[in-house]
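Counting from 1, position 16 in the sequence shown corresponds to residue 16 in the UniProt record's numbering; the numbering is continuous, with no gaps.
A short write-up of the structure that comes next.
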Amino acid sequence: MLVAFIVFILQNTRDAQVSFLWLHGTLPLAVGLLIAMVAGMAVTLMIGTARISQLHRLARRRRD
């Protein structure tokens, strides 16, 4: 997996224009995709954790 990641970064070094809300700039394509992946994982983790906590509370209420 690490080798595939390194190959991906080496093949995607061209600059890409990025605009998000009021922020504009350029950065290597691989870095932009990596940032998007990490942000997506963080959002998924937060939503998943909230849902699991909700289900745990519901299960406790039904047990009592």
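Idealized CB from N, CA, C, for every residue including glycine.
Note that the C-beta distance between L27 and A36 is not below 9 Å.
In the structure shown, L21 falls within a coil segment according to DSSP collapsed to helix, strand and coil. Secondary structure at T49: helix, using DSSP grouped into helix, strand and coil. I47 has its alpha-carbon roughly 26 Å from the corresponding atom of D64.
The C-beta distance from V43 to G32 rounds to 17 Å, too long to fall under 8 Å, and the pair is not in contact.
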